[in-house]
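Visitor: Below you will find the structure I want to go over with you.
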Amino acid sequence: MDFQNKIIDWYKVNKRDLPWRNINNPYYIWLSEVILQQTRVIQGTGYYLNFIEKFPNIKDLALAKEDEVLRLWQGLGYYSRARNLHFTAKEILNKYNGIFPSQYDQVLSLKGVGVYTAAAICSFAFGLPYAVVDGNVIRVLSRFFGIDIGFDTTEGKKRFQNLAQELLPQDTPAIYNQAIMEFGALQCVPKSPNCSACVLQEFCAAYNTGRVKNLPIRSRNKKVKERYLNFLMIHTKNGICIRKRNDGIWKGLYEFPFIEFERNIPDQEILLSSTWKELFSGTHPIVEEISSTFTHLLSHQKIYAKFWRIYMETDFNKGFLQVSKEDLFMYPVSRLMQRYINTIITNKN
Ligand code: SF4
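And the structure:
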């Protein structure tokens, strides 16, 4: 059976018409790949189109302000990706005169570009023979070839990468790479794939041995840390207090100051805590409202957040920016902050 041709033929008939298909502009391909890494196509498409409209070429992105880039990225999460995009655009402008490098090693050396993204850019844009290995590809290979080692182990990663590279047709890497990814996204889907209508069914190891549900295998369970954050939306006579993060996953974004506890503690206890007293020492905060709990999932964290609306009658000079409510909407914020802000817009208060 010709695995590669079957997949390519299937792709020609079934592929989705997406705005980053049939192009060979490495900048656009790079953008689409970074946006799609943790986002579904349906959500990512709008972001991609907004980015290329606002920053039609690398130079435009490189010369943009970081706040502008983060604002456009807002809602996608994984903000380090947006910061890396911006950083790398500047690097390409300075080091390569704004022309995207076309050698695999150069592409791989760019900040934020890993083996997968480098292979996607090099094969789609330059026709270089590098196999892409993402979750979709792993699922197809694992099932078709019956590979039952954890894809997240060192051995598993190597095995899938080597197999994908061996299978890659040297003369048509772009179409084959796109075809196998699309096959995983549309046909060999994670849950209940329609195997009875699959062009690979006859020789599919998982199908023929009843293991479709069990493959691929993840060996490690992700440890999820629980965090309890209390965001303080402090209104002073000069505006609402916000600050810019300079570390962590929300680096570069703006947020209300928050206080964190290791467990879920009652609101009254928070008011008596030393953290609260220290922050508000010498002032008279009036707590007007405490939101219900927002649960927010990140890749390794589960955040339980409450938003406290606080009014200050006295000055509050703690080094925060103090902005009007209208201006607040202009700053790039995390999706969690945005969820709360949306409730304010909806309630119009
Ligand atoms: S037969 Fe089912 S499990 Fe095998 S490749 Fe096709 S869709 Fe995937």
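Here the sequence shown is numbered in the working numbering, starting from 58 and rising by one per residue. Using N, Cα and C, we set each Cβ at its ideal position, and we do this for glycine too. Keep in mind that this is a model prediction, so the values were computed, not measured.
To which residues of the same chain is Glu283 closer than 6 Å at the C-beta, ignoring the five residues directly before and after it?
Guide: Mapped onto the sequence shown, residue 283 falls at position 226. Excluding residues within five positions, the ones whose Cβ falls inside 6 Å are Lys359.
Visitor: Using 7 Å as the cut-off, classify the Cβ of Leu257 as near or not near the heavy atoms of the ligand SF4, replying yes or no.
Guide: Within the sequence shown, residue 257 is the residue found at index 200, counting from 1. Within the cutoff, so yes.
Visitor: Expressed to the nearest angstrom, what Euclidean distance is found between the alpha-carbon atoms of Phe217 and Phe373?
Guide: Locating residue 217 in the sequence shown gives position 160, where the first residue counts as 1. Locating residue 373 in the sequence shown gives position 316, where the first residue counts as 1. In a straight line, the C-alpha of Phe217 is about 57 Å away from that of Phe373.
Visitor: Counting C-beta neighbours from all protein chains within 10 Å, is the total for Phe208 16 or more, i.e. buried, or is it exposed?
Guide: By 1-based counting over the sequence shown, the position of residue 208 is 151. When all chains shown are included, Phe208 counts as buried.
Visitor: At 3 residues or longer, what runs of the beta strand (DSSP E) sit wholly inside the region 314–347?
Guide: Whole beta strand (DSSP E) segments, 3+ residues: 315–318, 342–347.
Visitor: Between the beta-carbon of Pro273 and the beta-carbon of Ser199, is there less than 8 Å?
Guide: Within the sequence shown, the letter at position 216 stands for residue 273. Within the sequence shown, the letter at position 142 stands for residue 199. Their beta carbons are under 8 Å apart, which means Pro273 touches Ser199 by this criterion.
Visitor: Run the CB neighbour count on Ser276, radius 10 Å, all protein chains shown included, and call it buried at 16 or more, exposed below.
Guide: Taking the sequence shown and counting its residues from 1, one reaches residue 276 at position 219. It is exposed - the Cβ of Ser276 has fewer than 16 other Cβ atoms within 10 Å.
Visitor: When DSSP labels each residue in this structure, what does Trp87 get in the three-state scheme?
Guide: Walking along the sequence shown from the start, residue 87 turns up at place 30. The answer is helix: DSSP assigns Trp87 an H, G or I state.
Visitor: Per DSSP, Gly296 is paired with what?
Guide: For the purposes of this step, residue 296 is taken as residue 239 along the sequence shown, with counting starting at 1. Looking at the DSSP assignment, Gly296 forms a beta bridge with Thr293.
Visitor: Can you round the beta-carbon distance between Tyr84 and Phe157 to whole angstroms, since I take them to be within the 8 Å contact cut?
Guide: Translated into the one-based positions of the sequence shown, residue 84 becomes position 27. Translated into the one-based positions of the sequence shown, residue 157 becomes position 100. Right, the Cβ-Cβ distance comes to about 6 Å (below 8 Å), so this counts as a contact.
Visitor: DSSP state of Lys147, grouped into three classes?
Guide: Translated into the one-based positions of the sequence shown, residue 147 becomes position 90. In this structure, Lys147 counts as helix in the three-state DSSP scheme.
Visitor: Below 6 Å CB to CB, which residues in the same chain sit around Phe181 once its five sequence neighbours on both sides are set aside?
Guide: As a first step, residue 181 must be located in the sequence shown, where it is residue number 124. Ile86, Ala231, listed in sequence order.
Visitor: For Val269, I'd like the list of residues in its chain whose CB is within less than 7 Å of its CB, leaving aside the five on either flank, ordered along the chain.
Guide: As a working mapping, residue 269 is identified with position 212 in the sequence shown. So the list reads Arg200, Pro250, Cys252, Ala263, once near-sequence residues are dropped.
Visitor: Would you check if there are 3 or more beta carbon pairs closer than 8 Å linking the region 135–148 to the region 160–172?
Guide: Because the criterion of three Cβ pairs below 8 Å is met, the region 135–148 and the region 160–172 touch.
Visitor: From the DSSP output, in three-state form, read off Tyr264 for me.
Guide: Position 207 of the sequence shown, counted from the start, is the residue given in the question as residue 264. Helix.
Visitor: To the nearest angstrom, report how far apart Ile316 and Gln163 are at their CA atoms.
Guide: Translated into positions along the sequence shown, residue 316 becomes position 259. Translated into positions along the sequence shown, residue 163 becomes position 106. If you take the alpha carbons of Ile316 and Gln163, they lie about 43 Å apart.
Visitor: Say the cut is 7 Å; is the CB of Tyr264 nearer than that to a heavy atom of the ligand FAD?
Guide: The ligand FAD is not part of this structure, which contains only the ligand SF4.
Visitor: For Lys382, which of Leu336, Thr293, Pro342, Lys334 has the nearest alpha-carbon?
Guide: Looking up residue 382 in the sequence shown gives position 325. That would be Thr293, whose Cα lies nearest to the Cα of Lys382.
Visitor: So does the region 340–349 actually touch the region 297–317, counting three or more Cβ pairs closer than 8 Å?
Guide: The region 340–349 vs the region 297–317: no contact.
Visitor: Could you have a look at Ile367 and say whether DSSP puts it in helix, strand or coil?
Guide: Looking up residue 367 in the sequence shown gives position 310. In this structure, Ile367 counts as strand in the three-state DSSP scheme.
Visitor: Buried or exposed: which applies to Asn234, given that a residue is buried once 16 or more other Cβ atoms fall within 10 Å of its Cβ?
Guide: On the sequence shown, position 177 is the one that residue 234 refers to. The residue in question, Asn234, is buried, as its Cβ has 16 or more Cβ neighbours within 10 Å.
Visitor: Restricting to Cα atoms, I'd like to know which of Thr229, Gly213, Gly203 is closest to Ala449.
Guide: Absent from the model: residue 449. The displayed extent of the chain is 58 to 406, so no value can be given.
Visitor: Straight-line CA distance for Lys69 to Phe240?
Guide: Taking the sequence shown and counting its residues from 1, one reaches residue 69 at position 12. Taking the sequence shown and counting its residues from 1, one reaches residue 240 at position 183. The alpha-carbon atoms of Lys69 and Phe240 are separated by roughly 11 Å.
Visitor: Who are the Cβ neighbours of Lys63 in its own chain at under 7 Å, not counting the five residues just before and after it?
Guide: To locate residue 63, count along the sequence shown from 1; it is residue 6. Excluding positions up to five away in sequence, the list reads Val256, Leu257.
Visitor: On a CA-only basis, which of Gly203, Pro247, Ile322 is nearest Asn265? Give me that one, please.
Guide: Within the sequence shown, residue 265 is the residue found at index 208, counting from 1. Of Gly203, Pro247, Ile322, the residue nearest in Cα terms is Gly203.
Visitor: With a 10 Å radius around its C-beta and 16 neighbouring C-beta atoms as the bar for buried, classify Lys334 as buried or exposed.
Guide: In the sequence shown, the residue the question calls residue 334 occupies position 277. Classification of Lys334: exposed, given that the 10 Å Cβ count is below 16.
Visitor: Does Gly267 pass the burial test, meaning 16 or more other C-beta atoms within 10 Å, or should it be called exposed?
Guide: Working through the sequence shown from its first residue, we reach residue 267 at position 210. Exposed, by the Cβ-count rule.
Visitor: Roughly how many whole angstroms lie between the Cα atoms of Val126 and Cys261?
Guide: Walking along the sequence shown from the start, residue 126 turns up at place 69. Walking along the sequence shown from the start, residue 261 turns up at place 204. Rounded to the nearest angstrom, the two C-alpha atoms are 44 Å apart.
Visitor: What residues are listed by DSSP as bridge partners for Tyr361?
Guide: The residue labelled residue 361 in the question sits at position 304 within the sequence shown. In DSSP, Tyr361 forms a bridge with Tyr285, Thr352.
Visitor: Secondary structure at Leu310, three-state DSSP: helix, strand or coil?
Guide: The sequence position of residue 310 within the sequence shown is 253, counting from 1. Residue state, collapsed to three classes: coil.
Visitor: Less than 6 Å between C-beta atoms, sequence neighbours within five positions excluded: which residues of the same chain meet that for Gln94?
Guide: Here residue 94 corresponds to residue number 37 of the sequence shown, with the count starting at 1. There are no such residues.
Visitor: Between Val269 and the ligand SF4, is the CB less than 7 Å from at least one heavy atom?
Guide: Against the sequence shown, residue 269 aligns to sequence position 212. Yes - the ligand SF4 has a heavy atom lying nearer than 7 Å to the Cβ of Val269.
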